[in-house]
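Below: the structure, in structure tokens.
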Amino acid sequence: MKKLRLGVDVGGTFTDLVALDNGEILTAKVPSTPQDQSEGVMNSVRAAGIEARSVAAFAHGMTVATNALLERKGARTAIVTTEGFRDVLEIARQDRPSLYDLSRNRPPALVPRGLRFTVRERMGPEGEILPLDERSLEEAVSALKEAEVEAVAVCLLFAFLHPEHEKKVGEVLREALPGVHVSLSSEVLPEFREYERFSTTAADAYLGPRLAAYLENLGREVEGAGMPSPLVMQSSGGVVEIGVASQRTAACVLSGPAGGVVGAAYVAEAGGYRNLLTFDMGGTSSDVAPILDGRTLTTTETAVAGVPIKLPMIDVHTVSAGGGSIAWTDAGGALRVGPHSAGADPGPAAYNKGGEQATVTDANLFLGYLQDGAKLGGEVVLDCGLSEKALSRVGKELGMDTLQVALGVVQVTNTEMVGALRVISVERGLDPREFALVAFGGAGPLHACSLAEELGIRTVLVPKAGGVLSALGLAVSDLRRDYLRPVLSTLNELEIGELEDAFEEMECGAAKDLDSPRFGRRADLRYAGQSFELMVDADELEDLEARFHEVHERRYGYRMEEEIVELVNLRLVATVPVEKPGLEEPEPEGESKPGRREANFGDEKTWREVPVLDRARMGRGSEIEGPAIVEFPEATCVVRPGWRGIIDEVGTLVLESV
Amino acid sequence: MSERNLDPVTLSVLASALSGIAEEMGAVLIRGAYSSNIKERRDCSTALFDARGRMVAQAEHIPVHLGAMPEAVAAVMDRNPGAGDVFALNDPYSGGTHLPDITLVSPVAAGENEEIVGYAVTRAHHSDVGGMSPGSMPSSSREIYQEGIIIPPVRLVRGGEYVEEILALILANVRTPALRRGDLRAQIAANRLAQTRISELMERRGKETVLTAFDEVISYTERRTKEAIRALPDGEYEAEDFLEGDGTTDEDIPIKAIVTIEDDSMTMDFTGTSEAVAGNVNCPLPVTRSACYFALRVLLPEDIPANAGTYAPLEILAPEGSLVNAISPSAVVAGNVETSNRIADVVLAALSGFAPADLPAQGQGTMNNLIIGGRQGGGWTYYETMGGGQGASNSGPGPSGVHVGMSNTLNTPVEAFEMEYPMRVERYELLYGSGGAGKHRGGDGLVRSVKVLEPASLSLLADRRRHPPQGAQGGEPGSIGKNLLNDEELPPKTSRELARGDVVTIHTPGGGGYGKENG
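Respectively, the protein sequence lines represent chains A and B.
Under the working numbering, residues 6 to 663 are what the first sequence spells out, in order.
Under the working numbering, residues 88 to 606 are what the second sequence spells out, in order.
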């Protein structure tokens, strides 16, 4: 019987699998295979010993698209654009990347100068200004043939409002260049501001051939093994069928981080928590994201590897600081941490793989939060002596003892994390004190209580499956498609009926793409004259304006009710919810005696012996009193003094500040 | 150097908290603003000052705002500010830079007795402040009175309440009052945010710790700047360059700098620079200071924060009444946007004598200010500055179509432009090959052609139309820029009336090359 939901997440180092079976979680972790990520995917299925016949759904998150952008290893891509506007992708917004480092260049445009072609035509705000010149189109076609490109982005001015020319160019190209991937800006992102639209469209074309080939191959292997065709995670936090993903590749760029946020939202909701800040701290970087009323938030203001991609993406804020970040002293005598990272190789000094610089992990080890001699994924054994040596070297430069340095490194790191969490809460008009902090990733639970104290957060959640939360998120992700319609009109000129009609039309279209979807209506609004829009819920059209004033005030601290409000876009989010299985945590099997070790929490500058508990031996109802340490399979949680915890009925360690 | 009272950890933690507040102020201002100069092009800056008027943290979006804020705070401190007040000013001779930059200064109060512990400052380029031409960037002004309404430091908000008369007076003197109101409101919101955030920080960390951090952050930065200057060889180098006309004549105007380094201090001396001129390319001292700070910053490690300490080791000598230290009522509107670039060029040229090998060749050295305004539909003004070629450097070719010096504003998207103005962009692309040749090529300039669809007025303030950006280490100079009205070539700085259908075309200069081409 088919009942298993699989989520397989390909990360930089490991490929994780989660199988959900009526509330039970089965996991597997295998090394990733960067050459062909699908190999690792199939390995994870074999490692988990899953029977193909029992799989009901197979969801997949990957970094193929992100990596292709980062390494600039996409297709040979051309652009066809309006005559006179050849270099929009290179000029970008004309700002330089660094104010004072005058020799720093921007990342190269996805389409080099030699592959930029133009056609004579022009649309303006009101429609056609210059008809599409067939001859210039023919010339562009033959130039494209000669250039032997794999993909073409068609990007004409004002195509977001008047797509006729662009559609015509697209038709001609698709016919004349069989096998070449063609992306139209009016299809990828029908939104004004040419640079951002062209950039998103160019990314779509650039990624199209590689991603399509990868997904096709994966689909063949998965189906060949007798499992259902894979669903692919998009940056928006919802999955789509493989065929759609191949056609909308720019929407899958942040496939990876999206899974973790969805997973955190799911686990927390299972335990009754709906307002969350997620905190995923790894070796080199950390991701934070807000979740409001159980819903992940999306933004359209993301740039990946220097390429703006204005499609809905889960609102994840990333800082390049993690367990591997290196501590150093600058010329002014301040203790600094990062942005340089020791990575996994050579890694922190404690790894004994040749790294001599003190890292955040070394500080955590020295303070007793991590176990001296602990084995990490295979041959790496943590050596506290090496950490101490590295930290004391920093201490000599600062005139501080090793303990002060270790506490300082942790504090400076926490400041950076607090800053990141403030960006996604306070700067979004959200009060962090009303949220619970969900900590995961290898280092998240080590720092969570301190961050919570700093932000006034009273609840910290550490999910049982924290090591494979992304894969879990995949397994429970809804099918999702996003639709956009440009409007650009002041609200007072629009009848509610018109908007209702427009939404219904979009919904009809969506109903053809998805099987009885649920709809979420949104609108991008601004005060007439402003340049940035705010996305507002538009399920109740009568309240649209009032909701906008409210959201504006929350975000920017003021409202202007006498001003005219402008509607820029209508958005429709269509989802087909998957059933979210409940999670169950068994009671602990008998009493287990906690271990003990010395740790230092900085408050009294004294070392104290604290209990060390093994999460595997705990179960529903197990209680903890801080200070204590809880060891998870892939992470360690520090329960600071003043915190008390209990394992809830879904297996999450719920910590409350007393 | 003050005594150190904070440990290195607390210092690091609070320094990042303070710059975080300045950044957040900037985000609020940009997001809420109405002027496209602010919202699209980020022509604004935000900063925190301590109670003594020293800058503690700044969010820099635009280098030309770097050094010009302390005067604004000093001018407000002279006027007995109280909690809940917000002062507005734009007078270049009393804390401002040029009239379109309106600065709002709010005292930050702490505790029940509302002691003033510092100041929050926002400065933003408003798209019109009245005066003789739409956009308030006339190319031919001869006195500051022609350039717009002059606002000395006055209370726009007193004890939390708008001073409606002042607001009414300002709005009555500008062409687009509704936009001004929106922009000012966004600035006030940003200043208020600083008050909230400082209060929160003091609640968490303790007032005394935060106040100590103000001192420490400044002295920490000063230590690092001195360190960097000490690493350069002692000596004295000079350089000279020219500005091409002042809008009233087309004569070259010399700017001269002598840079001296002695141990850990630096002097920039402008003796020998032209007297103030009849046109509007004069600089009030704060603008000159910004240009000097910019040149210094280019030499410093990038992670040194911007505050009073950064610039303490630098002395600037600018003769009073000269082009670089103009006195009232000299016209100054273009000093900020054009002369500042040339000052930075001259100082960097002199600094290259100290041989930091990675200084690039000269970039376009102008902002190519284009201002077009019309009367229809309640009146409109459009202001744009344009990128060009950056100089190539030892590490590679110069970027193309970017701002290189005292500005880093974004462009106005063609699609936003055409929906907002009765104008059409006919061409906007790079001028391939306009960067200077060399082992590494200079970046290319760009061309932007704009057709007006109804009668309008044009003001142009540009430079490097005769003297090209120079190459470095044997590289060739970049191409000069060009201004065209239909087919007619215009001078670097000019004003014209435009008829419906006229096309204004700007070619921006290319950057200098680096190294010999076949060397």
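All residues carry an ideal CB built from backbone N, CA and C; glycine is no exception.
- Residue contact with chain A for Ala134 (chain B): absent (no Cβ-Cβ distance below 7 Å to any residue of chain A).
- As computed with DSSP, Arg490 (chain A) is found in a beta bridge with A:Leu575.
- Rounded to the nearest whole angstrom, the C-alpha separation of Phe553 (chain A) and Met318 (chain A) is 21 Å.
- Under the Cβ distance rule, Arg91 (chain A) counts among the residues neighbouring chain B, one pair being separated by less than 7 Å.
- For Thr303 (chain A), the closest Cβ of chain B is not nearer than 7 Å.
- Per the Cβ contact rule, the region 184 to 204 of chain A is not in contact with the region 224 to 235 of chain A (fewer than 3 Cβ pairs under 8 Å).
- Between Tyr508 (chain B) and Asp270 (chain B), the C-beta spacing is not below 7 Å.
- Runs of the alpha helix (DSSP H) spanning 4 or more residues and lying entirely within the region 82 to 118 of chain A occur at 93 to 96, in chain order.
- With fewer than 16 other beta carbons inside 10 angstroms of its own, Lys598 (chain A) counts as exposed.
- Residue pairing from DSSP places Asn570 (chain B) in a beta bridge opposite B:Leu577, B:Ile593.
- Contact between Gly276 (chain A) and Thr32 (chain A) does not hold, since the beta-carbon distance rounds to 19 Å and is not under 8 Å.
- Residue-level contact check: Gly529 (chain B) does not touch chain A, since none of the beta carbons of chain A fall below 7 Å from its beta carbon.
- The three-state reading of DSSP puts Phe637 (chain A) in coil, since its state is none of H, G, I, E or B.
- Counting only unbroken stretches of 4 or more residues, the alpha helix (DSSP H) elements lying wholly within the region 240 to 282 of chain A are 247 to 252, 260 to 275, in sequence order.
- By the 16-neighbour rule on beta-carbons within 10 angstroms, Ile414 (chain B) is exposed.
- Per DSSP, the beta bridge partners of Gly483 (chain B) are B:Ser480.
- A residue is called buried when at least 16 other Cβ atoms come within 10 angstroms of its Cβ; Arg587 (chain B) does not meet this threshold and is exposed.
- The closest CA to that of Glu349 (chain B), considering only B:Ile342, B:Asn367, B:Ala365, B:Ile316, is found on B:Ile316.
- Taking Gly483 (chain B) as the centre and dropping the five residues before and after it, the same chain places the C-beta of His527 closer than 6 Å to its C-beta, in chain order.
- Chain B places no beta carbon closer than 7 Å to that of Asp653 (chain A), leaving this residue out of the contacts.
- With a cut-off of 8 Å on Cβ pairs, the region 429 to 437 of chain B is not in contact with the region 462 to 470 of chain B, counting fewer than three such pairs.
- Per the DSSP secondary-structure output, Ser227 (chain B) pairs with nothing in a beta bridge.
- At a cut-off of 7 Å between beta carbons, Lys343 (chain B) makes no contact with chain A.
- Contact with chain B is absent for Phe637 (chain A), since none of that chain's Cβ atoms lies less than 7 Å from the residue's Cβ.
- Boundaries for Ile253 (chain B): no beta strand (DSSP E) harbours it, while the alpha helix (DSSP H) harbouring it runs 251 to 259, taken from the DSSP string.
- Near chain A, meaning a CB-to-CB distance below 8 Å, the residues of the region 300 to 326 of chain B are Tyr307, Thr308, Arg310, Arg311, Glu314, Ala315.
- For Ile305 (chain B), the secondary structure class from DSSP, reduced to helix, strand or coil, is helix.
- Nearest CB-CB separation between Val13 (chain A) and chain B: not below the 7 Å threshold.
- Around Ile96 (chain A), the beta-carbon contacts reaching into chain B at under 9 Å are Gly474, Ser487, Gly488, Val489, Asn498, Tyr515, Glu516, Leu517, Leu533.
- Contact note: Ala503 (chain B) reaches chain A through Phe197, Arg198, Ser536, using a C-beta cutoff of 8 Å and chain order.
- With respect to the 7 Å criterion, Val159 (chain A) and Gly175 (chain A) are classified as neighbours on the basis of their beta carbons.
- Between the region 241 to 261 of chain A and the region 452 to 467 of chain A, the count of Cβ pairs shorter than 8 Å is below three; the stretches do not touch.
- For Leu142 (chain A), the enclosing alpha helix (DSSP H) covers residues 139 to 152.
- Ranked by Cα distance from His65 (chain A), the first of A:Leu74, A:Ile55, A:Gly45 is A:Gly45.
- Taken in chain order, the complete beta strand (DSSP E) segments of 3 residues or longer contained in the region 408 to 465 of chain B are 456 to 461.
- Ala524 (chain B) is positioned such that its CB atom lies no closer than 7 Å to that of Asn455 (chain B).
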